[in-house]
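Q:
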Amino acid sequence: MKFQKLAKVLSDLESTTKRLEMIDILAEFFREIKKEKNLEDVDKIVYLLQGQLTSNIKQFPKMGIAEKMIIEALSIHSGVNKKKIKEVLIKKGDVGAAAEEILKTKKKQKSILDFQANNDSPQESIEISELYKALQKIAITEGSGSHDTKLGILRGLMNRISPLETKYLFRVITSTLRVGVSTQTIIDGLAVGFTGSKSNRDLIEKAFNIHPDLGEMTKILAEEGISKIKQVQVTYGIPIRMMLASRVPYEEIIGKLGVPCVAEYKLDGERLQIHKKGTDIQLFSRR
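In my numbering, the protein residues as written are -19 to 267.
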């Protein structure tokens, strides 16, 4: 699938604050993926919808690209000086939106000056799988010369994508997607899009709670169906999602539990999940 398609979906999501409309947008998107049997990148698509490269339970390095490097890449690519870019950034509020405005302006100026027919044809977008590999390479690149390597990869991507795609690429890189879509909304969209019924969202959420990798759960759902989702089990080395308790008056607790009941003090401390298999022990914090 082309990144251009995902960027359009992200734009549609950003254009509304209504959760039901967001679910409809996502459901239609997932229905299209299912219909076209374009399942190879479905896990990557969900990660990017979450504004990340992988699930939080996987230890994968951050991309390590600061706003300063993005401004540098944008300046080289567009020919606009850094001072002007920073002015647009202040006005727009984020580097993604600033990049879109600058690049759309430059593209409009170019189209006025250049009358060749091929410049009016739609720009061919990059495949999501190719974009994803490039972002992974950025993340694992470190040490001497890493700045130039990351800058080169970023510039290479910008040469192949539209202003709208650049907007969301930069937002993914800076972990500020800003489309207002929660994990729960994505789960609703998955249920409707892949199973045809929102009632299946509880089964997907349960699987996600005990195996909190939404990309992987989406891959299972898309390729093997809801019956396979039902079979997801707690697995050693994969932390389940932590549950947080809400405070209520003690009278309400007694009313729910009855008398007598046993209670203990709530102590400050770190939530710790301990996985033990034989002599092998792994510890997981809430994060």
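Even glycine gets a Cβ: it sits at the ideal position worked out from N, Cα and C.
Following the continuous alpha helix (DSSP H) through residue 116, name the residue where it begins and the one where it ends.
A: Taking the first residue of the sequence shown as position 1, residue 116 is located at position 136. Residues 108 to 120.
Q: Thinking C-alpha only, which one of 80, 63, 19 and 66 is nearest residue 144?
A: Along the sequence shown, read from residue 1 onward, the residue named residue 144 stands at position 164. Ranking 80, 63, 19 and 66 by Cα distance to residue 144 puts 80 first.
Q: Can you give, in chain order, each stretch of the alpha helix (DSSP H) that sits fully within the region 37 to 88 and has at least 4 residues?
A: Here the runs fully enclosed are 47 to 58 and 62 to 72.
Q: Bridge partners of residue 253, per DSSP?
A: Taking the sequence shown and counting its residues from 1, one reaches residue 253 at position 273. In the DSSP output, where bridge partners are listed per residue, residue 253 has 264.
Q: So, with DSSP's three-state summary, where would you put residue 130?
A: On the sequence shown, position 150 is the one that residue 130 refers to. Reduced to three states, the DSSP call for residue 130 is helix.
Q: Put residue -18 into one of helix, strand or coil per three-state DSSP.
A: Counting from 1 along the sequence shown, the entry for residue -18 is found at position 2. In this structure, residue -18 counts as strand in the three-state DSSP scheme.
Q: Is residue 244 helix, strand or coil by DSSP?
A: The sequence position of residue 244 within the sequence shown is 264, counting from 1. DSSP places residue 244 in coil when its eight states are reduced to three.
Q: Less than 7 Å between C-beta atoms, sequence neighbours within five positions excluded: which residues of the same chain meet that for residue 83?
A: Position 103 of the sequence shown, counting from 1, holds the residue named residue 83. Result list for residue 83: 58, 143 and 146, in chain order.
Q: In the DSSP assignment, find the alpha helix (DSSP H) that holds residue -4 and state where it starts and stops.
A: Numbered from 1 along the sequence shown, position 16 holds the residue referred to as residue -4. Premise fails: residue -4 is in no alpha helix (DSSP H) and is neither H nor E.
Q: Please classify residue 139: is it buried, with 16 or more other beta-carbons within 10 angstroms of its beta-carbon, or exposed?
A: Locating residue 139 in the sequence shown gives position 159, counting from the first residue. Under this definition residue 139 is an exposed residue.
Q: Can you tell me which of 52, 251, 117 and 184 puts its alpha carbon nearest to the alpha carbon of residue 165?
A: The count along the sequence shown starts at 1 and reaches residue 165 at position 185. The shortest Cα separation from residue 165 among 52, 251, 117 and 184 belongs to 184.
Q: Can at least three beta-carbon pairs, one atom from the region 231 to 245 and one from the region 203 to 217, be found at a separation below 8 Å?
A: The region 231 to 245, when compared against the region 203 to 217, does not touch it at the 8 Å Cβ threshold.
Q: Counting beta carbon pairs with one atom in the region 117 to 124 and one in the region -16 to 3, are three or more of them shorter than 8 Å?
A: The region -16 to 3 is not in contact with the region 117 to 124.
Q: Taking C-beta to C-beta, are residue 75 and residue 47 nearer than 9 Å?
A: As a working note, residue 75 is residue 95 in the sequence shown. As a working note, residue 47 is residue 67 in the sequence shown. Going by C-beta atoms, residue 75 is nearer than 9 Å to residue 47.
Q: Quick check on the DSSP output: the alpha helix (DSSP H) that includes residue 166 runs from which residue to which?
A: By 1-based counting over the sequence shown, the position of residue 166 is 186. First-last of the alpha helix (DSSP H) with residue 166: 163 to 170.
Q: So, under 8 Å CB-CB, residue 5 and residue 19 are touching, yes? Tell me the CB distance rounded to an integer number of Å.
A: Along the sequence shown, one-based indexing puts residue 5 at 25. Along the sequence shown, one-based indexing puts residue 19 at 39. Contact flag wrong, Cβ pair sits at about 19 Å.
Q: With DSSP collapsed to three states, give me the class of residue 177.
A: Counted from its first residue, the sequence shown places residue 177 at position 197. Three-state DSSP puts residue 177 in coil, outside helix and strand.
Q: Assuming residue -14 contacts residue 33 (C-beta within less than 8 Å), just tell me the rounded distance between them.
A: Taking the first residue of the sequence shown as position 1, residue -14 is located at position 6. Taking the first residue of the sequence shown as position 1, residue 33 is located at position 53. The Cβ separation is near 14 Å, so there is no contact.
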